[in-house]
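What follows is a short report on a single structure.
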Amino acid sequence: MVPYHALAELVKHYPFWRCESLPESYGHHCAHLAQHHPNQPNPNSKHCTHRDTPWLGKGAAVDDTKNPYNSGIPLPALPMPSPEADLPLATTTQQRLLELGPSGEEDAEDLRQNLSALAARNGLLWLGGDEGRSLYRLQRLGEHHYGDLRQVKLNDFGLAGGKDDGESDIEGLALDGDRLWLVGSHSLRRRKHDDNKGEPLSLLEQDKQSRNAHVLGCLRLNGEGLPVAGQRLTFDAAAGRDALSQFLAADRLIAPFLNIPSKENGLDIEGIAARAERLLVGLRGPVLRGIALVLDLHLNGIEQDGSSTLTLAAQRCRYLQLNGLAVRDLAVVPGSDDVLVLAGPTMTVAGPCYLYRWRNALGPQETRSGGGITVEEPEPLLWIRDGRPGRPGKGSDKPEGLEVQRKGGRLLAWVAYDDPTEARREGGQGVRTRLDGFVVPD
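First residue of the sequence shown: 15, per the numbering used here; consecutive thereafter.
Quick look at the structure:
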């Protein structure tokens, strides 16, 4: 049995331990100290304070500045916590107000509820959502204020079929040069639970699976930032899937997950980062034994006029240690080869979510010989969202989209949320939501 003074040391050195995980007799010991030894420092005394950190428990952890039980007795060996365990919950520095339309407008309501991707430049903010077959563009109206929503229909640029081909389920946007890149989920879907609509939790019928979600492509933008042409990766109309889906079907690690629905660790693409002909595409699923996956793609066919079909010139899978979390979005750090990774659960829970910096993600990569893999370890930067669920009917604030900018010598990460809470939606007239801005250690 570990002595009580050693337990106190454990709490001091490992404050991520929840106090309720300590034996009940430890609390009795602290009460005994307070009653019979008032001059002896007590680990449950007024010096102990609650902390706004991931390890907040029923009781307070021992004050780090005190060491009342420094007896020299060796502590039992414990595994060291991951770096994420030491991160405090990040504080929002700024917010962006997005005015999406008048109250009751269905498209605006759907976009707010299902916001999943964003990209911004030169006063224009592009948004993508889980529903529909369109992108949306907002104009900057003032400091951290965007409005005047405009719809861009993807089938006008050859990036989507008709309504019978399903939702585009856009899960990633990235601006690079005169291109706005986009990617669909490429996923299999299960019905949401609804006893009034068919068999509960049944898979969607094969003919209702979304062909439009199998899209990887770009819009070419003119000098005003408006789309003039579209390109997409080769699409097999007969099979209802593109060249990326075919590559994944041939990958021995990923192929078994193509027939598993998204949000159940099945294939689910979320996030894209772009530089010239090279793309990084994140996977929300699958996560393999706690390892997240990113596809590193090189494309052919990016022509000046933007009229040709894109093809895969090279492709490989990269493996990230995100401590069991999956990729929710990617964004290039301006002026570097680094990429920020928004990481969260692969399932339908709201958190936890962290922001990582993936160093040299777009830099030259060494060619690895043999059949082994290299697991890369991005640096955890910010703890964005805890694991508490949302309240029924009140929203849950699930971090979904990421955009990065440099401003005033600082690096800012803007996070978009689907299923926003009332606090994020309220204030003023019309359909609105807010993005959170975080200062990122540079």
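We treat Cβ as the ideally placed atom computed from N, Cα and C, and that holds for glycine.
- Around the beta carbon of I184, 16 or more other beta carbons lie within 10 angstroms, which makes this residue buried.
- Exposed is the label assigned to A269, since fewer than 16 other Cβ atoms lie within 10 Å of its Cβ.
- The segment 433 to 442 makes no contact with the segment 141 to 151; the number of CB pairs closer than 8 angstroms stays below 3.
- Straight through space, the alpha carbons of A133 and L334 are spaced by roughly 23 angstroms.
- For R255 and L240, the gap between their C-alpha atoms comes out near 28 angstroms.
- Here D456 carries a coil assignment [DSSP, helix/strand/coil].
- Between A174 and N226, the C-beta spacing is below 7 angstroms.
- Annotation for L262: the continuous alpha helix (DSSP H) segment containing it runs A257 to A263.
- For L449, the beta-bridge partners assigned by DSSP are R110.
- Residue nearest to L449 within the set L336, G237 and E414 is E414 (criterion: CA-CA distance).
- Per DSSP, reduced to three states, the secondary structure at P413 is strand.
- Leaving aside the five residues that flank Q109 on each side, the residues in its chain whose CB is nearer than 7 angstroms to its CB run, in chain order, H158, R448, L449, D450 and G451.
- Residue range E120 to Q127 is occupied by the alpha helix (DSSP H) that includes D121.
- Within the segment 312 to 368, the runs of beta strand (DSSP E) that reach at least 3 residues and sit entirely inside it are, in chain order, 325 to 335, 340 to 346 and 353 to 358.
- In this structure, E317 is the residue among S259, P300 and E317 with its C-alpha nearest to the C-alpha of D192.
- Residue environment analysis places H200 among the buried positions, since at least 16 neighbouring C-beta atoms fall within 10 angstroms of its C-beta.
- In the DSSP assignment, K421 is bridged to R424.
- When DSSP states are grouped into helix, strand and coil, E380 belongs to the coil group.
- CA-CA distance, G365 to G304, rounds to 16 angstroms.
- Setting aside the 5 residues that flank it on each side, K408 is surrounded in the same chain by T435 and E436, each with a C-beta closer than 8 angstroms to its C-beta; the list follows chain order.
- DSSP places A174 in no beta strand (DSSP E); its state is neither H nor E.
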